[in-house]
Amino acid sequence: MDEGTAPPRERGWLGPIVALLALVTVTTLSAPRVVVPVGQILLLVAPASAALAVAGWRAGGRLPLALLWTGFAVWVVVQPAGAPGLYADLTRGWGVLLALAFGVAAAAGWGEGFLSKGLFALAAAAGLGLLALALVPDGPPGAARLLSEEIGRRSTLASREWQELSGSPQWIQLVRESPGWEAYGRTVEAQLSALPAIGLRFFPALLALESLAALALGWAVYHRVGRARLGPPLARLRDLRFHEALVWGVVAGLALVALPLTGAARDAGLNLLVFFGVLYAMRGSGVLVWFLDPGRVMTVVLAVFTVLFWPVVVMVSAGVGLGDTWFDWRRAARGRSQRSE
């Protein structure tokens, strides 16, 4: 790159700030906190941003930026994160391992864009993490016990907070004035009771999704402050697409679930379906947004609708995203539009 040429750089901080606030909210609310694997999102974002800054420095970027991000990441990692214990140490280790793999992928130019680098980092970190656990006495069983204890602790805390709320004079008055709130309270209690089993069963998929979201946030932040580009910007939701080979993740998940298997094999299939299902739901949402082309007001309406009816929205969007793998509806629509002009 010529010295006098300014490198391309993403503009605007609204998107990263909203994404960070959303991730922080999800990891701090009582109910979601039960199933979110890493309770402190900065344990994932800060090391990933530092790894990108170091990779950017090696590609011609600024050394002070790399040192600043590395120092911040070290400070975040050594700070107390949630309840002290071995589970907190495991989350720190995962964040560092994930960041190292992501930095290597970025420095080596793995793949074309963010997603290929992020998936490589997930696979590499998971493989190295499982290998490390296998080499430690009582590794996998011990990690499973730590996870069960941590989710149980969070579930107990969430139930206690709900009991305090539902036992308050304000809640009692609200139920007395509107009996519908009593039914809502029973629904909340049932959901809180079901969350620990969900968190345990789908922990791999939830960890992968949270980690991928944190890597995407780190990617967006770095390319707003760094000089050296490590890849193209994150695609807008309406333009989101990825390699068709990822559909084999869905196929593998369906095969493991459909076969007469039990235990770990079936759980692996369910986790594959959840992880790749969310990816294809995002792709399908992009297709729907591309066709609907909503304005600002309609975007808010659609966001509220998604929050209220998210199971239906996710299922429909995932189906649309899978269909887009074969039909590529956006390209077909553009082709028809050009022929009609």
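Oh and the sequence shown: position 294 is 276 in the numbering used here, straight run, nothing missing.
Ideal placement from N, C-alpha and C gives every residue a C-beta, glycine not left out.
It should be emphasised that the depicted structure is a prediction, and the values quoted were computed from it without experimental measurement.
Give me the residue from the options with the minimum Cα distance to residue i.
i	options	result
Pro215	Pro161, Phe96, Leu3	Phe96
Ser130	Phe273, Pro178, Phe224	Pro178
Leu104	Gly266, Ala227, Leu188	Leu188
Ala28	Ala70, Asp71, Leu80, Trp(-5)	Leu80
Arg218	Trp272, Ala227, Gly251, Pro242	Trp272
Asp310	Leu241, Arg220, Leu3, Glu146	Arg220
Arg183	Ser12, Leu112, Ala247	Ala247
Leu174	Leu3, Gly43, Leu11	Leu11
Val8	Arg127, Ile23, Arg312	Ile23
Ile180	Val289, Leu290, Asn253	Asn253
Leu68	Val298, Val283, Leu128	Leu128
Arg223	Ala55, Arg74, Ala89, Glu94	Glu94
Val0	Leu113, Leu112, Ala202	Ala202
Ala89	Trp(-5), Glu164, Gly213	Gly213
Pro293	Arg313, Val279, Val256	Val256
Arg74	Gly85, Gly21, Gly91, Glu164	Gly21
Are residue i and residue j closer than 8 Å when you measure CB to CB?
i	j	result
Val207	Leu304	no
Phe258	Gly277	no
Ala41	Trp51	no
Val170	Trp144	yes
Val78	Val58	no
Ala48	Gly38	yes
Leu82	Ala33	yes
Ala106	Leu72	no
Thr307	Val229	yes
Tyr262	Ala237	no
Ser148	Gly167	yes
Val302	Leu270	yes
Arg44	Arg211	no
Val260	Leu156	no
Gly109	Trp76	no
Ser193	Leu26	yes
Identify whether residue i lies in helix, strand or coil by the three-state DSSP scheme.
i	result
Pro341	There is no way to answer for residue 341, as the model of the chain reaches only from -17 to 323.
Trp76	helix
Ser150	coil
His225	coil
Asp306	helix
Asp249	helix
Glu192	helix
Pro123	helix
Gln145	helix
Trp(-5)	coil
Arg136	helix
Arg325	Nothing can be reported for residue 325: it is not among the residues displayed for the chain, which extend from -17 to 323.
Gln155	helix
Leu241	coil
Output yes if chain D places a C-beta closer than 8 Å to the C-beta of residue i; else output no.
i	result
His225	Absent here is chain D; the protein component of the structure consists of one chain.
Please confirm if the region 194 to 201 is in contact with the region 82 to 101, defined as three or more CB-CB distances below 8 Å between the two stretches. In short, these stretches touch, since the Cβ pair count reaches three.
For the region 13 to 33 and the region 136 to 147, state whether three or more C-beta atom pairs, one from each stretch, are separated by less than 8 Å. The answer is yes - the region 136 to 147 touches the region 13 to 33, with three or more Cβ pairs under 8 Å.
Touch check for the region 118 to 135 and the region 263 to 278: three-plus C-beta pairs under 8 Å? No: fewer than three Cβ pairs fall under 8 Å.
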